[in-house]
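**Q** Pasting a structure here, questions to come.
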């Protein structure tokens, strides 16, 4: 168990981005929004088949309206015995994927809105690379994903990059759920180079989306340059972030690591913030099986295997700093 304390107060806000572990109670919802993502423009990272999956614990049929932003609207039926699988398409220009060369512009034809009569799960799964060596799964957090304050997480990309490295990409994407939504991206390190010189402030209307992307091979600051970035909005938005491709290790391995993250508002319970987290290890090797913890407030102390009395202090973080354990 990992305990996190904010030294000036009993409670802190911390956003934990674990790209492969989800909390099921936060996923089941009657409403889902799925912003698009982007991917490195390289054959080893090129998105192939992409699928939207919808399921439900309900034994009786549930009516689901799937809206492809700027496209078709489908009314479907789903039950526990009959989940839905929708082929989105293939390649770097679909309703889920935005080609990295187009980031920096507002999209009105990317992403999904899903409305159901009863709670459902929604996720997007894809394979990537010419030989289909990569894969990713992004799970919608439903209404728990809506908020106005977020901290970004990606892979940390510790390997040595060269100018020839073009199959890695870190990104953060947002979709607006109301008109006239001001979105700002801040707390970014100096020296990063953003694809297409994307502005860090934008006004979005309902259903419009926006992506900021960094190629870790351009400058060293880009490797983890989005980790801890602050996304703030004047009205509720939904945020996806991660790497496609990326890695936590110093080796040449790579994969998709993408997630829909939850905001500050979801972490609050009765005005108090969570300070204890449990992580579950998967079957990867040590370098890549690394929880990523991002602090939202200054003087955030992170302890492992106990609290500030019984545990081991790993780090004291400032706002936007992170530790990869």
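In the working numbering, the protein residues as written are 30 to 354.
Don't be surprised by glycine CBs; every beta carbon is placed ideally from N, CA and C.
(1) Since residue 197 and residue 245 are thought to touch, with beta carbons under 8 angstroms apart, how far apart are those beta carbons, to the nearest angstrom?
(2) Where are the alpha helix (DSSP H) runs, 4 residues long or more, that stay fully inside the stretch 245-307, in chain order?
(3) Determine the burial state of residue 320: buried for a count of at least 16 other Cβ atoms within 10 Å of its Cβ, exposed for fewer.
(4) Could you pull out every residue in the same chain whose Cβ sits closer than 7 angstroms to the Cβ of residue 219, ignoring the five residues on either side in sequence?
(5) What's the gap between the Cα of residue 67 and the Cα of residue 148?
(6) Where does residue 192 land, buried or exposed, given buried means 16+ other C-beta within 10 angstroms?
(7) What's the C-alpha gap between residue 212 and residue 231?
(8) Measuring straight from C-alpha to C-alpha, what distance separates residue 69 and residue 162?
(9) Would you identify the three-state DSSP class for residue 229, choosing helix, strand or coil?
(10) When you compare each of 187, 186, 236 and 189 to residue 202 by their alpha carbons, which one comes out closest?
(11) What is the DSSP secondary structure of residue 198, reduced to helix, strand or coil?
(12) Since residue 84 and residue 112 should fall inside the 8 angstroms C-beta cutoff, what is the C-beta to C-beta distance between them, to a whole number of angstroms?
(13) By DSSP, does residue 130 sit in helix, in strand, or in coil?
(14) Out of 169, 173, 122 and 274, which has the shortest C-alpha to C-alpha gap to residue 294?
(15) Is the beta carbon of residue 224 less than 9 angstroms from the beta carbon of residue 132?
(16) What is the C-beta distance between residue 199 and residue 255, in whole angstroms, given that I count them as a contact (C-beta under 8 angstroms)?
(17) Alpha carbon to alpha carbon, what distance is there between residue 271 and residue 50?
(18) Tell me where the beta strand (DSSP E) around residue 78 begins and ends.
(19) Let me know the beta strand (DSSP E) ranges lying completely inside the stretch 132-200, each 3 residues or longer, listed in chain order.
(20) Between residue 281 and the rest of its own chain, which residues show a CB-CB distance below 7 angstroms, the 5 nearest in sequence each way excluded?
(21) If you count every other CB in all the chains shown that lies within 10 Å of the CB of residue 222, and 16 or more means buried, which is it?
(22) Would the beta-carbon of residue 166 fall within 9 angstroms of that of residue 154?
(23) Can you find the residues in the same chain that come closer than 7 angstroms, C-beta to C-beta, to residue 109, ignoring five residues on each side of it along the sequence?
(24) Would you list the one or two residues that DSSP bridges to residue 215?
(25) I need the straight-line Cα distance from residue 336 to residue 323, nearest angstrom please.
(26) How many angstroms separate the CA atom of residue 60 from the CA atom of residue 175?
(27) Taking 9 angstroms as the cut-off, decide whether the C-beta atoms of residue 241 and residue 62 are in contact.
**A** In brief:
(1) The sequence position of residue 197 within the chain shown is 168, counting from 1. The sequence position of residue 245 within the chain shown is 216, counting from 1. The pair is a contact, with the Cβ atoms about 5 angstroms apart (cut-off 8 angstroms).
(2) 293-296
(3) Here residue 320 is taken as the residue at index 291 of the chain shown, counted from 1. Its Cβ being crowded by 16 or more others within 10 Å, residue 320 is buried.
(4) Translated into positions along the chain shown, residue 219 becomes position 190. Correct list: empty, nothing qualifies.
(5) For this step, residue 67 is matched to residue 38 along the chain shown. For this step, residue 148 is matched to residue 119 along the chain shown. Between residue 67 and residue 148, the C-alpha separation is close to 28 angstroms.
(6) By 1-based counting over the chain shown, the position of residue 192 is 163. When all chains shown are included, residue 192 counts as exposed.
(7) On the chain shown, position 183 is the one that residue 212 refers to. On the chain shown, position 202 is the one that residue 231 refers to. So the two alpha carbons sit approximately 5 angstroms from each other.
(8) Within the chain shown, numbered from 1, the residue matching residue 69 stands at position 40. Within the chain shown, numbered from 1, the residue matching residue 162 stands at position 133. So the two alpha carbons sit approximately 14 angstroms from each other.
(9) Translated into positions along the chain shown, residue 229 becomes position 200. Coil.
(10) Here residue 202 refers to the residue found at position 173 of the chain shown. The residue among 187, 186, 236 and 189 with its C-alpha nearest the C-alpha of residue 202 is 236.
(11) By 1-based counting over the chain shown, the position of residue 198 is 169. Note: residue 198 maps to coil in three-state DSSP.
(12) As a working mapping, residue 84 is identified with position 55 in the chain shown. As a working mapping, residue 112 is identified with position 83 in the chain shown. Right, the Cβ-Cβ distance comes to about 4 angstroms (below 8 angstroms), so this counts as a contact.
(13) Taking the chain shown and counting its residues from 1, the one referred to as residue 130 is at position 101. Correct three-state label for residue 130: helix.
(14) Numbered from its first residue, the chain shown carries residue 294 at position 265. That would be 173, whose Cα lies nearest to the Cα of residue 294.
(15) Along the chain shown, one-based indexing puts residue 224 at 195. Along the chain shown, one-based indexing puts residue 132 at 103. Contact flag set, yes.
(16) If you number the chain shown from 1, residue 199 lands on position 170. If you number the chain shown from 1, residue 255 lands on position 226. So it is a contact: roughly 5 angstroms between Cβ atoms.
(17) One-based indexing of the chain shown puts residue 50 at position 21. One-based indexing of the chain shown puts residue 271 at position 242. Because the pLDDT of residue 50 is 38, which lies under 50, any placement of that residue in the model is unreliable, and the question is left without a value.
(18) Reading the chain shown from its first residue, position 49 is the one you call residue 78. That run of the beta strand (DSSP E) goes 76-84.
(19) 141-157, 163-168 and 176-180
(20) As a first step, residue 281 is located in the chain shown; it is residue number 252 there, counting from the start. Correct list, in chain order: 188.
(21) Residue numbering aside, residue 222 sits at position 193 when the chain shown is read from its first letter. Classification for residue 222: exposed.
(22) Looking up residue 166 in the chain shown gives position 137. Looking up residue 154 in the chain shown gives position 125. Contact flag set, yes.
(23) To locate residue 109, count along the chain shown from 1; it is residue 80. For residue 109, where only same-chain residues beyond five positions count, the Cβ hits under 7 angstroms are 85, 86, 87 and 88.
(24) As a position in the chain shown, residue 215 is number 186, starting the count at 1. According to DSSP, residue 215 bridges with 259.
(25) Taking the chain shown and counting its residues from 1, one reaches residue 336 at position 307. Taking the chain shown and counting its residues from 1, one reaches residue 323 at position 294. Those two C-alpha atoms are separated by around 18 angstroms.
(26) On the chain shown, residue 60 is found 31 positions in, with the first residue counted as 1. On the chain shown, residue 175 is found 146 positions in, with the first residue counted as 1. Taking the straight line from one Cα to the other gives about 10 angstroms.
(27) To locate residue 241, count along the chain shown from 1; it is residue 212. To locate residue 62, count along the chain shown from 1; it is residue 33. No, the pair does not count as a contact, with Cβ atoms beyond the cut-off.
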